[in-house]
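S.K.: Numbering (the numbering used here), first residue to last: 1022 to 1506.
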C-alpha cells in the first residue's frame, strides 16, 4: 500500500538500494519502499508469513526472519541476514534472483537419507525404541512422522505427505497429518501414539496411532467431527465437552502424551481445555483426571474502592488477585498443560504448564494436583528452590535415569532445567537462561551449549535427545542418576 496504509511485522532492518529503500524483519520477505511520494510499499521477494529457505526468482524465494539487511555500494545487490535460516542471502535487483551466499541453502526442509543431508522443519516430540537404535520424530511443520536409524545414521519418512497438512487415515503417504507434536511408544513398540499441537490448524484435534510395522495410521480419539466448541471469550461451549465412550468424546488441542502400558492407560494433555485426560485403551473410554476449573471471579472496584457496575447495573467481574490453583480432580486449575512424564510404577504423573510457567505433580489414583516448582503465572529465569524458582513457557519434561529428578525444556529461556524431586531445587543444566543461539559446531561442551527454541526431549539411557529448530541434539549424560558435571 501507499505510505501509512502499508503494514509491516517487526521490521529489523532498512537499507538504500538503487531503486528505493528495502526493509526486512519478521515478515519472511523483502519489501521495497519507493523513495518518492506516495512512498509505495511492495513485497518484491518472498511471501509474507511463509518461512523457509529457498533460492530462486521473484516470489518463489522463501526466507526466514531477518535481523538485518544491507545493500552493496552499487545498490544493485541486497544482502538479507537470514537468522531464521542461519545463512546470508543475496537479492540481485537487476537479475531478479535470490541466492544463498553464506551458510547452508536449506537448513530446514524435508529430506530423507543420511544424517548429513537430512532436513527437518521444526521437529517436536521424540520416542526411542528399547534397544536405542531407532528414534521416532514428529516433524511438526513437515506434517509427517519420521524414523531415525542411529546405527546407520539415516532418516526415513514413515507416514504423512511431506509439507501437506490434512486429516486422513491411511497407510504411509496416503495418510495426512497436521502439526504432529508429542509421541508415546507402546512396550511392544508396535503402536506409536501421536498428539497434535493445533495452534495453526484445528483439523487434527485428535489422538492418532501409527502401526510401526504396517505404517497404517488410524484415529484413536477426536477428529474434525468431534471438536470442542469455544465461545468468544475462549471458554468451551456447554455441552460440547463430551466424555465417556471413546468414539463420542470431543477434544480440544492435544499436546502431551504419557503411556502406562501395564494398565492400558494413555494420559493426554488437552491444552485448550486445561485438562489432563485419560484414555482407557481396553475399555474404550475417556475421563478427566485433573483440571478444568476456572479462576474465581470477583467484582471489580474503582480507585476509591467502590464496586464497579456496567451500564446495565450489573457487577463488573474480574479474575481474583490470588487463589489456589492446586486441588483434586476437576477442582484443580491448569493453564495450557503441555508435556507429561509418568513414573515407571504409574503412581505419579508430572506436567509442565506453558501459561502458568509451572512444574506440577498429579497423583494418578486420586487426581490430586500439587505444584513442585515455578512462580504461578509469572515467567522468569531464576534457579532456586520450589516456588522461588522461575520458568518461562516450559513445554516438555522427562524423568532421569533413577527417577530422582525431572529434566524440563524451558522453551522461553532456551534452556534445559533440572528439578530435584527430593528437594525441589531447580538448576540450569544445558543452555544459558535467556540466551539464544548456536555455536555452529557438531560437538560442544555442555557449559557452552546454546539453543534457539528447544521443544521436546526424551531419555536415551543416560543421555537425552532434544529437538530444537530444525535439529535433533544428543546431550550426553544429562539423564544420569547423578547430575552431570
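In this text, a Cβ means the ideal position worked out from N, Cα and C, and glycines have one as well.
These numbers come from a predicted model, not from an experiment.
Should residue 1009 be labelled buried (16 or more other beta-carbon atoms within 10 Å of its own) or exposed?
M.R.: Since the first residue shown for the chain is 1022 and the last is 1506, residue 1009 is missing from the structure and cannot be characterised.
S.K.: Taking C-beta to C-beta, are residue 1449 and residue 1404 nearer than 8 Å?
M.R.: By 1-based counting over the chain shown, the position of residue 1449 is 428. By 1-based counting over the chain shown, the position of residue 1404 is 383. Cβ distance < 8 Å, so residue 1449 and residue 1404 count as in contact.
S.K.: Less than 7 Å between C-beta atoms, sequence neighbours within five positions excluded: which residues of the same chain meet that for residue 1238?
M.R.: Here residue 1238 is taken as the residue at index 217 of the chain shown, counted from 1. Closer than 7 Å at Cβ, skipping near neighbours: 1180, 1190, 1191, 1196, 1229 and 1231.
S.K.: Tell me whether the beta-carbon of residue 1491 lies closer than 8 Å to the beta-carbon of residue 1143.
M.R.: Translated into the one-based positions of the chain shown, residue 1491 becomes position 470. Translated into the one-based positions of the chain shown, residue 1143 becomes position 122. Contact: yes.
S.K.: Look at the alpha carbon of residue 1060 and the alpha carbon of residue 1103, and state the distance between them as a whole number of angstroms.
M.R.: Working through the chain shown from its first residue, we reach residue 1060 at position 39. Working through the chain shown from its first residue, we reach residue 1103 at position 82. Rounded to whole angstroms, residue 1060 to residue 1103 spans 26 Å at the Cα level.
S.K.: Is residue 1484 buried or exposed, if buried means 16 or more other CB atoms sit within 10 Å of its CB?
M.R.: Taking the chain shown and counting its residues from 1, the one referred to as residue 1484 is at position 463. Counting Cβ neighbours within 10 Å, residue 1484 comes out buried, since at least 16 surround it.
S.K.: Whether or not the segment 1244–1255 and the segment 1271–1280 are in contact is what I'm after, with contact meaning three or more pairs of Cβ atoms, one per stretch, closer than 8 Å; do they touch?
M.R.: Enough Cβ pairs lie closer than 8 Å, so yes.
S.K.: Do residue 1204 and residue 1241 come within 8 Å of each other at the CB atom, strictly closer than that value?
M.R.: As a first step, residue 1241 is located in the chain shown; it is residue number 220 there, counting from the start. As a first step, residue 1204 is located in the chain shown; it is residue number 183 there, counting from the start. Cβ atoms of residue 1241 and residue 1204: not closer than 8 Å.
S.K.: Residue range of the beta strand (DSSP E) that residue 1147 falls in?
M.R.: Reading the chain shown from its first residue, position 126 is the one you call residue 1147. Start and end: 1144–1149.
S.K.: Of the choices 1160, 1390 and 1054, whose alpha-carbon is the least far from that of residue 1024?
M.R.: Taking the chain shown and counting its residues from 1, one reaches residue 1024 at position 3. Of the candidates 1160, 1390 and 1054, the residue whose Cα lies closest to the Cα of residue 1024 is 1054.
S.K.: Please state whether DSSP places residue 1294 in a helix, a strand or coil.
M.R.: Position 273 of the chain shown, counted from the start, is the residue given in the question as residue 1294. Helix at residue 1294.
S.K.: Terminal residues of the continuous beta strand (DSSP E) containing residue 1035?
M.R.: Your numbering for residue 1035 matches position 14 in the chain shown. Residues 1032–1038.
S.K.: List the endpoints of the continuous beta strand (DSSP E) containing residue 1184.
M.R.: On the chain shown, residue 1184 is found 163 positions in, with the first residue counted as 1. Careful: residue 1184 lies outside any beta strand (DSSP E) and carries neither H nor E.
S.K.: Measure the CB-CB distance between residue 1379 and residue 1395 and report whether it falls below 8 Å.
M.R.: Position 358 of the chain shown holds residue 1379. Position 374 of the chain shown holds residue 1395. It is a contact, given that the beta carbons lie within the stated cut-off.
S.K.: One question on the structure: do residue 1344 and residue 1310 come within less than 8 Å of each other, judged by their Cβ atoms?
M.R.: As a working note, residue 1344 is residue 323 in the chain shown. As a working note, residue 1310 is residue 289 in the chain shown. Cβ atoms of residue 1344 and residue 1310: not closer than 8 Å.
S.K.: Could you tell me whether the segment 1033–1050 touches the segment 1073–1089, using the rule of 3 or more Cβ pairs below 8 Å?
M.R.: yes
S.K.: Would you give the residue range spanned by the beta strand (DSSP E) that residue 1368 belongs to?
M.R.: Numbered from 1 along the chain shown, position 347 holds the residue referred to as residue 1368. Careful: residue 1368 lies outside any beta strand (DSSP E) and carries neither H nor E.
S.K.: I'd like the list of long-range same chain contacts for residue 1256, defined as Cβ closer than 8 Å, with 5 residues on each side in sequence excluded.
M.R.: Along the chain shown, read from residue 1 onward, the residue named residue 1256 stands at position 235. Contacts found: 1315.
S.K.: Can you check which of these residues, 1117, 1299 and 1397, is closest to residue 1266 by C-alpha distance?
M.R.: For this step, residue 1266 is matched to residue 245 along the chain shown. Checking every option, the nearest Cα to that of residue 1266 belongs to 1299.
S.K.: Whose C-beta lies closer than 6 Å to the C-beta of residue 1206 among residues of the same chain, with five residues either side of it excluded?
M.R.: By 1-based counting over the chain shown, the position of residue 1206 is 185. Around residue 1206: 1148 and 1213.
S.K.: From what residue to what residue does the beta strand (DSSP E) around residue 1113 run?
M.R.: As a working note, residue 1113 is residue 92 in the chain shown. Note, residue 1113: beta strand (DSSP E), 1108–1113.
S.K.: What is the residue span of the beta strand (DSSP E) that residue 1431 lies within?
M.R.: Numbered from its first residue, the chain shown carries residue 1431 at position 410. Taken as a continuous stretch (DSSP letters only), the beta strand (DSSP E) holding residue 1431 covers 1426–1431.
S.K.: What did DSSP end up calling residue 1401 once you bin it into helix, strand or coil?
M.R.: Counting from one through the chain shown, the residue named residue 1401 turns up at place 380. Residue state, collapsed to three classes: coil.
S.K.: At a cut of 8 Å, does the segment 1323–1339 reach the segment 1403–1423 through at least three beta carbon pairs?
M.R.: no
S.K.: Please give the ranges of any beta strand (DSSP E) in the segment 1214–1283, keeping only runs that are unbroken, at least 3 residues long and fully inside the region.
M.R.: 1227–1232, 1237–1243 and 1275–1281
S.K.: Closest by CA to residue 1138, which one among 1175, 1152, 1109 and 1162?
M.R.: In the chain shown, the residue the question calls residue 1138 occupies position 117. The candidate whose alpha carbon is nearest that of residue 1138 is 1175.
S.K.: Go through its chain and collect everything with a Cβ distance to residue 1505's Cβ below 6 Å, but skip five positions before and after it.
M.R.: If you number the chain shown from 1, residue 1505 lands on position 484. Per-residue confidence for residue 1505 stands at a pLDDT of 44, beneath the threshold of 50, marking its modelled position as unreliable; the derived number appears in the next sentence. Cβ contact annotation for residue 1505 (same chain, cutoff 6 Å, sequence separation greater than five): 1498 and 1499, in chain order.
S.K.: Would you give the residue range spanned by the beta strand (DSSP E) that residue 1050 belongs to?
M.R.: Numbered from 1 along the chain shown, position 29 holds the residue referred to as residue 1050. From DSSP, the beta strand (DSSP E) with residue 1050 extends over 1050–1054.
S.K.: Taking 8 Å as the threshold (C-beta atoms), are residue 1202 and residue 1188 in contact?
M.R.: What you label residue 1188 is simply residue 167 of the chain shown in a count that begins at 1. What you label residue 1202 is simply residue 181 of the chain shown in a count that begins at 1. Judged by their CB atoms, residue 1188 and residue 1202 are not nearer to each other than the 8 Å cut-off.
S.K.: Output the distance between the C-alpha atoms of residue 1282 and residue 1215, rounded to the nearest integer angstrom.
M.R.: In the chain shown, the residue the question calls residue 1282 occupies position 261. In the chain shown, the residue the question calls residue 1215 occupies position 194. If you take the alpha carbons of residue 1282 and residue 1215, they lie about 15 Å apart.
S.K.: Sorted by chain position, which residues of the same chain lie with C-beta nearer than 8 Å to residue 1318's C-beta, five sequence neighbours on each side aside?
M.R.: Counting from 1 along the chain shown, the entry for residue 1318 is found at position 297. Excluding residues within five positions, the ones whose Cβ falls inside 8 Å are 1338, 1339, 1340 and 1341.
S.K.: If you run the structure through DSSP and keep just helix, strand and coil, what is residue 1205?
M.R.: Locating residue 1205 in the chain shown gives position 184, where the first residue counts as 1. Correct three-state label for residue 1205: strand.
S.K.: CA-CA distance, residue 1101 and residue 1470?
M.R.: For the purposes of this step, residue 1101 is identified with residue 80 of the chain shown, where counting begins at 1. For the purposes of this step, residue 1470 is identified with residue 449 of the chain shown, where counting begins at 1. C-alpha separation (whole angstroms): 26 Å.
S.K.: Under 6 Å Cβ to Cβ from residue 1406, same chain only, skipping five residues before and after it: list those, please.
M.R.: Taking the chain shown and counting its residues from 1, the one referred to as residue 1406 is at position 385. Contacts found: 1445 and 1446.
S.K.: Can you find the residues in the same chain that come closer than 7 Å, C-beta to C-beta, to residue 1397, ignoring five residues on each side of it along the sequence?
M.R.: The residue labelled residue 1397 in the question sits at position 376 within the chain shown. Counting only Cβ-Cβ distances below 7 Å, and skipping sequence neighbours, we find 1346, 1377 and 1379.
S.K.: Alpha carbons only, please: which of 1373, 1424, 1210 and 1366 is nearest the one belonging to residue 1354?
M.R.: Translated into positions along the chain shown, residue 1354 becomes position 333. When each option's Cα is compared against that of residue 1354, the closest is 1373.
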